[in-house]
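A short write-up of the structure that comes next.
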Amino acid sequence: MFTGIVQAQVPLISVQGTDELKELQLILPEGECRENVTLGASIAINGVCLTVKTFDYSTGNVAFDVMKQTLDLSNIGKVVEGDWVNVERSATFAKEIGGHVVSGHIDGQLQVVAIDKTDENCKITFSYPEKYDAYLFDKGFASVNGCSLTIAEKDEAARTISICYIPETLARTNHGRLVAGDKVNLEIDRTTQAIVDTVERLLEAKNQS
Numbered sequence: 004m005f006t007g008i009v010q011a012q013v014p015l016i017s018v019q020g021t022d023e024l025k026e027l028q029l030i031l032p033e034g035e036c037r038e039n040v041t042l043g044a045s046i047a048i049n050g051v052c053l054t055v056k057t058f059d060y061s062t063g064n065v066a067f068d069v070m071k072q073t074l075d076l077s078n079i080g081k082v083v084e085g086d087w088v089n090v091e092r093s094a095t096f097a098k099e100i101g102g103h104v105v106s107g108h109i110d111g112q113l114q115v116v117a118i119d120k121t122d123e124n125c126k127i128t129f130s131y132p133e134k135y136d137a138y139l140f141d142k143g144f145a146s147v148n149g150c151s152l153t154i155a156e157k158d159e160a161a162r163t164i165s166i167c168y169i170p171e172t173l174a175r176t177n178h179g180r181l182v183a184g185d186k187v188n189l190e191i192d193r194t195t196q197a198i199v200d201t202v203e204r205l206l207e208a209k210n211q212s
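In this note's numbering, the protein residues as written are 4 to 212.
Next comes the structure, spelled out in C-alpha cells:
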C-alpha cells in the first residue's frame, strides 16, 4: 500500500531485457528512500508496485524485474535509460497519510494533451479512455504516475481531465517534465470504484426485477 505522496524523482541508470521481461535499475536517494530496504520489499515506480530484486546498501542501487503484463499496461514498458521516474516507499503504520490509499496496481494510462503554464500556475490536461469515465470527476482524486492528485476540471464530451499543480509537486515529481503526447500511469481510487460499481449493479438488478 502507498499514499501517493512521491518521495523523490530519479533517473533510470539501466533498462535491460525484452518486451516479455525487463530489469530496471536506479539509485535511491539517501535518507528515507533508503531506510530499511530489504529484498522483496515493495517500492512504487511511477505508481507501479515493484518488488526489490537486488539492493546495494553502500550505493543505493536497486533493481526490479517487470513482467509483460505490467510492461503492456503501464508506461514502464516504454521507459529508457535516463528517463526520470517517481519513487515512493510503501506506507508504514504511525505515519501521516497525506494523499489517499494507493495500491500500486495500474488501471491504464492517460495522455497529456495540453500544458498551460505561467510563472505562478500550471494546469495539465489529460485525455482518458472512456471506460474510466464514471470514476473520474471534479474534485475527485486519482493516482497519476504514483502521485495523489485532485481533479480540477473534467470535460466529459472531450473525455479529458485537468489537474492544477503547485510548484512543490512539479519540483518533487516527474510531472514537471511532462510534455504534450506523454503518457502517464493512472490508478483510479479504489473506494470510488467500489461505490460506483456497487451502485451500477444495484440499479441494473432493480431494472431487471
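Just so you know, even glycine gets a beta-carbon here, dropped at the ideal spot from N, CA and C.
Here the structure is a predicted model, which means the values were calculated and not measured.
Here the alpha carbons of Glu133 and Asn64 stand approximately 39 Å from one another. Assignment of Val202 by DSSP, reduced to helix, strand and coil, places it in the helix class. Asn89 has its alpha-carbon roughly 20 Å from the corresponding atom of Ser165. The DSSP-derived three-state label of Leu53 is strand.
Val69 sits close to Lys25, with the two beta carbons spaced by under 7 Å. Following the DSSP letters along the chain, one finds Leu74 in no beta strand (DSSP E) but inside the alpha helix (DSSP H) bounded by residues 71-76. With 16 or more neighbouring CB atoms inside 10 Å of its own CB, Ala47 falls in the buried class. In summary, Ile127 is buried, with 16 or more beta-carbon neighbours lying within 10 Å of its beta-carbon over all protein chains present.
In the three-state reduction of the DSSP assignment, Pro170 falls in the helix class. Taken through DSSP and simplified to helix, strand or coil, Gln10 comes out as coil.
One alpha carbon belongs to Asp119, the other to Ala208, and they sit about 44 Å apart. Around the Cβ of Gly50, a 10 Å sphere holds 16 or more other Cβ atoms; the residue is buried. Gly20 is positioned such that its CB atom lies no closer than 7 Å to that of Ser151.
Asp185 is positioned such that its CB atom lies no closer than 7 Å to that of Val116.
Taking 7 Å as the cut-off, the beta carbon of Leu27 is found no closer than this to the beta carbon of Leu42.
Membership of Leu181 in any beta strand (DSSP E) is not indicated, and neither H nor E is assigned to it by DSSP. Around the beta carbon of Arg92, a 10 Å sphere encloses 16 or more other beta carbons of the protein chains shown; the residue is thus reported as buried.
A buried status is given to Tyr168, since no fewer than 16 other beta-carbon atoms sit within 10 Å of its beta-carbon.
The beta carbon of Thr195 lies closer than 7 Å to those of Tyr138, Gly143 in the same chain, with the five residues before and after it left out. Closest in C-alpha terms to His108, from the list Leu53, Val18, Phe58, comes Leu53. Per DSSP, reduced to three states, the secondary structure at Gly80 is helical. With a cutoff of 7 Å on beta-carbon distance, Val187 and Leu76 are scored as not near each other.
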